[in-house]
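Undergrad: In the numbering used here, the protein residues as written are 171 to 343. Note that beta-carbon positions come from the ideal geometry of N, C-alpha and C, so glycine has one too.
1. Which runs of the beta strand (DSSP E) spanning at least 3 residues fall entirely within the stretch 211-296, listed in chain order?
2. Should residue 322 go down as buried or exposed, given a rule of 16 or more other Cβ atoms within 10 Å for buried?
3. For residue 254 and residue 217, I'd like the C-alpha separation in whole angstroms.
4. If I'm right that residue 300 touches residue 336 with Cβ under 8 Å, what's the distance once you round it to whole angstroms?
5. Excluding sequence positions up to five away, which residues of its chain have a Cβ less than 8 Å from the Cβ of residue 303?
6. Run through the DSSP bridge pairs and tell me what residue 331 is partnered with.
7. Whole angstroms are fine: how far does the CA of residue 342 sit from the CA of residue 207?
8. For residue 277 and residue 289, I'd like the C-alpha separation in whole angstroms.
Shown next as structure tokens:
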């Protein structure tokens, strides 16, 4: 069996002996004979210096962020005045200012009208009457086909919170 394999391999090798490679040699000679033009006006490369990045002050992404108190929360609470509910868990859209939020449409689910809001992070949220949005404790009072009406709480000069009516209108592209 071993001799048969050696004989078979020898036959294959001798069969490849008379391969014509004249056209390949001619192609290589033509390619070497051609002149290659080199551009003289190549762009000048500017040497850049690398800056080292060290992460010293940033928090670890694996640790829950510390609770940040706003300037409003740290002020002394005046008794007998209107106060926002600081113990209430904040909703997603309360991290954006009203100027950055866009109303894109409405949606009716079980006779409840919802507004579709686009946030600066390019995500869409649905909100209804009673939802909160904006940085000033804005509570939605009415969702209409073409606008959202809400009441914001803004800190007055005397330390009391004051209601301010605001609207976000439907933005048509």
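TA: Let's see:
1. 272-279, 282-288
2. buried
3. 57 Å
4. With 8 Å as the limit, residue 300 and residue 336 do not qualify as a contact, their Cβ atoms being about 16 Å apart.
5. 261, 263, 264, 266, 268, 271, 287, 297, 310, 320
6. 325
7. 57 Å
8. 17 Å
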